[in-house]
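Chains as they are written, first to last, in this note's numbering: chain A, 538 to 869; chain B, 18 to 358.
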Amino acid sequence: MGGSRDVVAAVQHSLPGSIRALTEHGVLVPKSGRSGNQTAGNQAAGFSHHPLVGRSGAGWGALHAEVRASDAETVLLVIPSLLRIGRSTARRVQVLRQLSSLAEAVRLVSVVGEQLSTINDFYLSRVATWRISRRLDASVSRLLDNEAFVHETLLRPWYEQDPARYVAVPTPVFAAHHPVGAVLSAAGVDLDGALPRVVIPDLPKLGSVGVEANRLLATYLRAEIPGFRADDEGVAAASLSGLSRAQKLGWCSDRFWGWTPVAAEKALDRFDASNQRFANAIWGTAWTVPYPVERPCTQAEFLDLDFPVVDQVQRYVMSMADKVSRERKAAT
Amino acid sequence: MTRLVLHAGAEYADEGAVHQGLTASRAQLAKAGVLLPPGSSPVEWRDTAQGLMGGSATTPATDWLRAATNAGQPVVLVSSDVLADALSSPEEVTALAAVSGRVGVDVRVVVVVREQVGYLNSLYCKRVLGLDTARSFAEFATEPVPAHRFDYAASFGAVADTDGVDLVAVPYPDLQSCGAAEAVLRAAGIDKTEPDLAGDRAGPAPVPGPVLIGATRLLHKRLRRLGMFHEHGKPRLRTLVDRLAQRAAQRSWDTTAFWGWDAGLRRAVAEEYGASNELFAEFVWGTPWPEPFSTGRPQRTDLADLEPAVLHDVLRFVDGLVEGLSRGSLDLSDQKASGGS
């Protein structure tokens, strides 16, 4: 069922190279219902069985046939979107019914981590797509209203009916193992040593300068393009090229951390009690994933940057705004 | 005996108002027996002030002073910000006392003192708009340069300890209540029979807004990146700041005055200077320090948080100035050039 963007990317990246070993050890990763453009240079892109739970629900018949034709003891489906879809009771029941008809036992595995890092990454993705222009600490109250960060709220529908069916892997455990091995191990299939070693590349994420540049750009765009919306046609593609340009400029090479200790403490007031209840319900223990409250904030101030960087940032903002404007026009 | 009054105005402590008030009232002051240095610019007065310091018996400045003394001039008044730094040195003060003895003048040093919180805020704005700094306010206030200038007990201890040199101080609020030049003259004990000085400005200079300050820092950094300081020199580049200020006024970029302090930093600075201020006040007035530290809500600029239209205008206008200058299409002497439009 996924987890953070990093977790999903790690699983997706390591799966293509693990399929042979998985098959040899009795684990089927079905081709039916799978999406993704697994070219040589981009094996991991979009690797998931999301189409099974999409609106059309296509692919279940073929999946049943593929599973019946296989002698594998275990079937591994990767459906990160289940976490989101599970908010609808009807769709959740429908998916569970399909899964139960596919195998004798179903294990739902997700990876859960502390929310400060998750929100920090979420903030970065919002800044990189020009949805948000304020600093993280100024955006905290809105970010904390998002129930997707509350494990108890997000996952309870999956575990409250049948606790044995749902398994949660804490992020430190996931990070210490092969991504696919960690998921399978949580489901009771221990293959960690049998899977080929894999190096998971870091997803490009904005560093401190990149955040400042894109915060400025987000505000600038709203004047440059009247009625600008981050969901507009052409904007997503432009934001990808913005991220790529930021990478080339070296603005993704440092790790951004937008929390100040004060804001982090305030956020934990929101999450810690429910994390404790979640841990108790799932693991029968206290919450054990440490919160990086004291990690130093690396938020930069645009006007405090060195003058060559200030110059670069302003040029980036103005040229990217032109590009977004052009691509948006072309798309519409 | 001629009295030599040295107004040791620390940089911008009086926001330039004393110099303006004095030069605008030169004729009135002459009638009252007060002689000012030749010229009307702070640079010319600075030359005179520097000539009086350093202990040399024959400089154009000491010759000028000697001539005034020989002519029976009652008061010679020199105002310059360089005096404050020079008079912080015991050697310089001793040399001044020696020169005054040789020329035969009575020396009185007048200083305008100001609570440091409001002072540093105003000084920061002045230095940013003068393209003297592009640092953040927090950095500027934490390490003001030169550090001794803001500690009056340290700055003027040497004057207080030297025989033959009197020290008097004017609290900054007095400048606002009776005019800047008038306040200095009164403190110097000059009994002026003329009516109020015509050109003496009352009230502090307006503090610029945070957006103009931010835009000027951006302009400064971009000019530095392009090596424009080396190519054109700071005084000519300041005309770009004038254009920026005009644009800020035309487009109403700012609705508040810049205030760089946050509570923690203000508290630390107030603690740092509070005891020294009390010591100084006790020595010169025999009273507690009269001016409380200023307060305010932070009014700084995070450009990304501006209204989109304002940010857009700031970035476009600054870019227009920088690119216009870089392409050579902007004439720094022509105020009407449209480089930033």
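Even for Gly, the Cβ is constructed at its ideal location relative to N, Cα and C. Bear in mind that the values here come from a model prediction, so they are computed numbers and not experimental data.
Check                                                                                                                                                               : Outcome
Which residues bound the alpha helix (DSSP H) around T835/A?                                                                                                        : T835/A -> no alpha helix (DSSP H), and no H or E assigned at all.
Which residues, in chain order, does the segment 322-333 of chain B contribute to contact with chain A at a C-beta distance below 9 Å?                              : D322, L323, E324, P325, A326, V327, L328, H329, D330, L332, R333
Where do the ends of the beta strand (DSSP E) carrying P188/B lie?                                                                                                  : 182-188
What residue range is occupied by the uninterrupted beta strand (DSSP E) comprising D123/B?                                                                         : 122-130
What residues are listed by DSSP as bridge partners for Q316/B?                                                                                                     : W276/B
I want to know whether the segment 750-761 of chain A touches the segment 593-603 of chain A - three or more CB-CB distances under 8 Å.                             : no
How is the beta strand (DSSP E) around V22/B delimited, first residue to last?                                                                                      : 19-25
Closer than 6 Å by C-beta to A66/B: which residues in its own chain qualify, once you throw out the five before and the five after it? Chain order, please.         : V95, S97, V99, L100
For W306/B, is the classification buried or exposed, using 16 other Cβ atoms within 10 angstroms of its Cβ as the cut-off for buried?                               : buried
How many whole angstroms separate the CB atoms of P617/A and G539/A, which I take to be in contact at a CB cut-off of 8 Å?                                          : 3 Å
When the distance is taken between beta carbons, is L732/A closer than 8 Å to H715/A?                                                                               : yes
Would you report the Cα separation of A705/A and A810/A, rounded to the nearest angstrom?                                                                           : 18 Å
Residues of chain A with CB closer than 8 Å to the CB of D336/B, please, in chain order.                                                                            : Q851, M855
Could you tell me whether the segment 321-333 of chain B touches the segment 260-273 of chain B, where touching means 3 or more Cβ pairs closer than 8 Å?           : yes
Can you check the segment 622-695 of chain A for any alpha helix (DSSP H) of at least 4 residues that lies completely inside it and give the ranges in chain order? : 626-639, 652-665, 673-681
On a Cα-Cα basis, can you pick out the residue from D31/B, V182/B, Q133/B that is closest to P309/B?                                                                : Q133/B
For the segment 216-235 of chain B, which residues have a CB atom closer than 7 Å to at least one CB atom of chain A, in sequence order?                            : G231, R234, L235
Checking contacts by CB at 8 Å: is K251/B closer than that to chain A?                                                                                              : no
Which of the residues in the segment 817-831 of chain A, read from start to end, lie with their CB under 8 Å from any CB of chain B?                                : none
Three-state secondary structure (DSSP) at L614/A?                                                                                                                   : coil
Please list, in chain order, the residues of the segment 37-68 of chain B that have any C-beta partner in chain A closer than 7 Å.                                  : none
Can you tell me whether DSSP reads G281/B as helix, strand or coil?                                                                                                 : helix
Could you have a look at Y29/B and say whether DSSP puts it in helix, strand or coil?                                                                               : coil
Residues of chain B with CB under 8 Å from S859/A, in chain order?                                                                                                  : Correcting the residue type first, residue 859/A is Asp in the shown sequence and not Ser. Those do not exist, as D859/A stays about 12 Å from chain B at its closest Cβ, beyond 8 Å.
DSSP on Q707/A, reduced to helix/strand/coil?                                                                                                                       : For clarity, residue 707/A is Pro in the given sequence; the question names Gln instead. Of the three classes helix, strand and coil, the one that applies to P707/A here is strand, per DSSP.
Which residues of chain B have a Cβ atom closer than 8 Å to the Cβ of Y757/A, listed in chain order?                                                                : P325, L328, H329, L332
Is the beta carbon of W794/A closer than 8 Å to that of R734/A?                                                                                                     : no
On a Cα-Cα basis, can you pick out the residue from G303/B, W62/B, F173/B that is closest to Q37/B?                                                                 : W62/B
Using a Cβ-Cβ cutoff of less than 7 Å, which residues in the same chain neighbour D729/A once the five nearest sequence positions on both sides are dropped?        : H714, H715, G718, S722
Strictly under 8 Å for the Cβ-Cβ distance: is S346/B near chain A by that measure?                                                                                  : no
Would the segment 837-849 of chain A count as touching the segment 742-751 of chain A if we require 3 or more Cβ pairs under 8 Å?                                   : yes
Hey, R10/B and P227/B are a contact pair by Cβ (cut 8 Å); roughly how many whole angstroms apart?                                                                   : A question about residue 10/B goes unanswered here, because the residues of chain B that appear run from 18 up to 358.
According to the Cβ coordinates, are V129/B and D31/B closer than 8 Å?                                                                                              : yes
Any idea if G570/A is buried or exposed, counting beta-carbon neighbours within 10 angstroms, 16 or more meaning buried?                                            : buried
Which same chain residues end up closer than 7 Å to S862/A when comparing Cβ atoms and leaving out the 5 residues on each side of it in sequence?                   : E761, I762
Express the C-alpha separation of R152/B and H24/B in angstroms, rounding to a whole number.                                                                        : 29 Å
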